[in-house]
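Chemist: Chains as they are written, first to last, in our numbering: chain A, 19 to 381; chain B, 51 to 218; chain C, 90 to 511. C-beta atoms are modelled at their ideal positions from N, C-alpha and C, and glycine is treated no differently. Note that the structure is a prediction, hence the values are computed from the model and not measured. Have a look at the structure that comes next, please.
Have a look at this one:
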């Protein structure tokens, strides 16, 4: 509980003091502000930037020009998209079951904002097991999606829900095993510990510290794609045969909410990958020491956030690149990939990483 | 077991290879990897309708002064999109084409009417942008307009007098 | 208590009539046979039942608009989990009444209408119709015109197989190759525009030859395109044909056995992929391919199953390669001469007779039976399109495949519903 209060007070209190807020504000208010700020200033802008980069990258790969009308080289395209989405109305009668499940879905999803690690001072939940919390949210998300599909009363909805459930079950085990590998190196699952054991240079990242960790990283990323049904492993949501499955009956703003939820899970997963394996937000030692001596925590957190987002976008754009160029796989191929390939490799990675660490510690 | 590992290896190599094949397009290396789309219609497209081949069959246009009103185009049109009304003038060598409407919503740009036009007044332009906001704007009219009743009477009288002159 | 209300719509000259009064009289809006207390919501409840969480997962009707279908058609599926156990097809949504319209139109309309039989392979519709009429009227086609017709046929074949690749790639989810292939297909369509004036509905063949001569620069452009497509075929192979995900999805799926082919009368690349050696270009010399040296690709069953989706795709890729060879030879042997023996007058009259002609279109065997009774319109025109046979095999081919494979199987059969419905 102590770390909870301390970290919350530390981060948002800096900003509140700078903006002239009162000091005697209760903790829960800081929490609330932190969630809102994270959503508005980190998630939504990254969503916009990434949607633009995604479209431009896909266009470049496909020998076409991407968005180029809204603003110079189409930079303002995300704003145009957002304004368009606000105008969308649903043409169907509202189904109360859909509304219930969609709100559960949204609540489960965005509760992970509290767990997202965004910098040394921007950790809201920095407990011993905080790295496992996003999994819980991913599983609730999958449950919500499955029930949404079942409630629609149509064949595509039912199959969509079932496929999502199958994919999620298949993807959770290798993902957890991959996570355990990083814990083997660090000794704890606290975000701050997982991050500070790595450094700025790639050689000190967890992914390159030993070859089993590389396998673990690849397994972790792939199983994350399976878990969150992100292209190219989005068989559960396939457009071509069941019209998006769960989303086949969603229209208008509900649909955009659903799609943004999908993006958010992908984003969350990439952030966690970067924090666990790819060097987190750690700036070069001189820079961070210089800034913390000066007491410029705000600038430090901004720089760390930029570095983190840069690496996250690199990971996401690589996945998007693979998705655009390759065909989609079938759902049963995805689940057999997860069970027959990813799970054994994740176990090999775990055992190997532990043995490696043990041997190093002995000798 | 070996087959299992080979499948994994083959899969990873194949997917990575596919990704790498697309890399030249990312950096636009060489003639073969340039982008092929452009904004339309603004800014100004790199091609205009004058860049189309000379035989392109676009919207039709009729030079009404040379049209003899024979109606071959109307007879041969497979979808009957040409409407033609003709007034005989004073002498039979001249013809007043009062109505020549082409319904562009029906025209399928096959070019048969252009082939059979004997005086060569009906031709294709290379215009293909024919979208309109109203259905009435989709008909192109080339006729000279209806003739007043008294003009018709005058012509009829002239024709009668010509016939009488010839009869004599 | 409420009988038929006696509203007096007064016959005043006011344009609104009696409306001001009747707005407040709701009895005017009831139907004449209204009975108080009847359950008028029964129909509404029957139409919009409270959606129950229990879904009938055994029956699914796809269509007429669906992402997995090539065009407007209905598929009634009986499902067993994710596997389809029975299937039936309903088409007819794209019926245009082409054959009847041709009976009512003059002979000069025959070629433009035949264009629209299968808009993607327009020249084959024209070719089959012109060949039939030339047989009835005993018209001689000069050699130059025949070679020009063959050049157009082979270019259309390349364009049709490229479009097949696009459809197959879209169904599998591979979006990048779609744009590459479409970019190359645009060059062929530009060629058509250079020669005939239109990209799709060419209206270029006439009874006894072709409409106009080859423009200058056309032959050079054809050779350029041949070189370009050769290079691009290698690129497509790198990026798509042997891609691991694609092969996993298409190896061994929807194998078309030989007895089904013989029962349904399937021809063209679908049949050749299962090992049947049947190509009208080699077997009927009347088409004009006898002086050209080329090979007919047959499915080799590299995946272990002969006649699966991958075989059908590979056969078409190899046919593109062979068409390039044919085009190169045609551009060499094109002789000088007339392009049209005799320009027929505007109201053509074809003598009495009937003829059946067939050509090898990219989808299979396309046939046309024309009966003429000497008047200004044909008496009967009947098309035998290859997609009709392909549709016949669907109820036996699809059971056993998964729902997720359905779009891929339908795309691999190269169904042109527009030509099946005519």
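1) Any beta-carbon of chain A closer than 8 Å to the one on residue 65 of chain B?
2) Thinking residue 178 of chain A and residue 264 of chain A are a contact (beta carbons under 8 Å), I'd like their distance in whole angstroms, please.
3) Is residue 262 of chain C close to chain A? Criterion is C-beta to C-beta, closer than 8 Å.
4) Cβ closer than 7 Å: which chain C residues qualify as neighbours of residue 107 of chain B?
5) Could you name the residues of the same chain whose beta carbon sits closer than 8 Å to that of residue 215 of chain C, not counting the 5 residues immediately before and after it, in chain order?
6) With DSSP run on the structure shown, which of helix, strand or coil describes residue 200 of chain B?
7) CB-CB under 6 Å to residue 386 of chain A, same chain, minus the five flanking residues each way: which ones, in chain order?
8) On the three-state DSSP scale, how would you describe residue 112 of chain B?
9) Less than 6 Å between C-beta atoms, sequence neighbours within five positions excluded: which residues of the same chain meet that for residue 499 of chain C?
10) Tell me whether residue 444 of chain C sits in a helix, a strand or coil according to DSSP, three-state version.
11) Can you name, in chain order, every residue of its own chain whose Cβ lies under 7 Å from the Cβ of residue 184 of chain C, other than the five neighbours on each side?
12) Ignore the nearest five residues each way along the sequence and tell me which others in residue 63 of chain B's own chain have a CB closer than 6 Å to its CB.
13) So which residues of chain A does residue 492 of chain C contact, with C-beta pairs closer than 8 Å?
14) At 3 residues or longer, and completely inside the stretch 152-197 of chain B: list those beta strand (DSSP E) runs for me, N to C.
15) With a threshold of 8 Å between beta-carbons, can residue 68 of chain B be considered close to chain A, or not?
16) Smallest Cα separation from residue 196 of chain A: which of A:230, A:327 and A:256?
17) With burial defined as no fewer than 16 other Cβ atoms inside 10 Å of the residue's Cβ, what is the status of residue 78 of chain B: buried or exposed?
18) What's the call for residue 170 of chain C, buried or exposed, on a 16-neighbour Cβ count within 10 Å?
19) Which same chain residues, not among the five before or five after residue 372 of chain A, have their C-beta less than 7 Å away from its C-beta?
20) If you draw a straight line from the alpha carbon of residue 217 of chain B to that of residue 135 of chain B, how long is it in whole angstroms?
21) With a floor of 4 residues, list each alpha helix (DSSP H) that falls wholly inside the stretch 310-363 of chain A, ordered by position along the chain.
22) With distances taken Cα to Cα, identify the nearest neighbour of residue 248 of chain A among A:126, A:211, A:302 and A:185.
23) What is the DSSP secondary structure of residue 179 of chain C, reduced to helix, strand or coil?
24) Give the DSSP bridge partners of residue 132 of chain B, in chain order.
25) Within this structure, are the beta carbons of residue 370 of chain C and residue 449 of chain C separated by less than 8 Å?
26) Does residue 156 of chain C come within less than 8 Å of chain A when only Cβ atoms are used?
27) When the distance is taken between beta carbons, is residue 345 of chain C closer than 8 Å to residue 359 of chain C?
28) Tell me whether residue 208 of chain B sits in a helix, a strand or coil according to DSSP, three-state version.
29) With a threshold of 8 Å between beta carbons, is residue 52 of chain B in contact with chain A?
30) Using DSSP with H/G/I as helix, E/B as strand and the rest coil, what is residue 296 of chain C?
31) Rounded C-beta distance between residue 495 of chain C and residue 506 of chain C? I'm assuming under 8 Å.
32) Could you check the C-alpha separation between residue 51 of chain A and residue 45 of chain A for me, to the nearest Å?
33) For a minimum of 4 consecutive residues, which ranges assigned as the alpha helix (DSSP H) are wholly contained in the stretch 120-146 of chain A?
34) Can a CB atom of chain B be found closer than 8 Å to the CB of residue 73 of chain A?
35) Rounded to a whole number of angstroms, what is the C-alpha to C-alpha distance between residue 469 of chain C and residue 164 of chain C?
36) Taking Cβ to Cβ, would you say residue 145 of chain B is nearer than 8 Å to residue 114 of chain B?
Modeler: On the basis of the coordinates in this document:
1) Cβ-Cβ to chain A under 8 Å: yes for residue 65 of chain B.
2) The Cβ separation is near 4 Å, so the contact holds.
3) yes
4) 286 and 287
5) 200, 203, 204, 291, 292, 293 and 294
6) Helix.
7) Beyond the ends of chain A as shown, which are 19 and 381, falls residue 386 of chain A; an answer cannot be given.
8) strand
9) 159
10) strand
11) 510 and 511
12) none
13) Chain A residues near residue 492 of chain C: 177, 259 and 260.
14) 172-174 and 189-191
15) yes
16) A:230
17) exposed
18) By the 16-neighbour rule on beta-carbons within 10 angstroms, residue 170 of chain C is exposed.
19) Cβ neighbours of residue 372 of chain A beyond the five flanking positions: 202.
20) 29 Å
21) 315-343 and 349-355
22) If you compare the alpha carbons of A:126, A:211, A:302 and A:185 with that of residue 248 of chain A, the shortest gap goes to A:185.
23) strand
24) B:152
25) yes
26) yes
27) Note that the C-beta distance between residue 359 of chain C and residue 345 of chain C is below 8 Å.
28) Of the three classes helix, strand and coil, the one that applies to residue 208 of chain B here is helix, per DSSP.
29) False, the Cβ-Cβ gap to chain A never drops below 8 Å.
30) coil
31) At roughly 16 Å, the Cβ-Cβ gap does not stay under 8 Å, so residue 495 of chain C and residue 506 of chain C are not in contact.
32) 10 Å
33) none
34) no
35) 31 Å
36) No, these two residues do not count as a Cβ contact at 8 Å.
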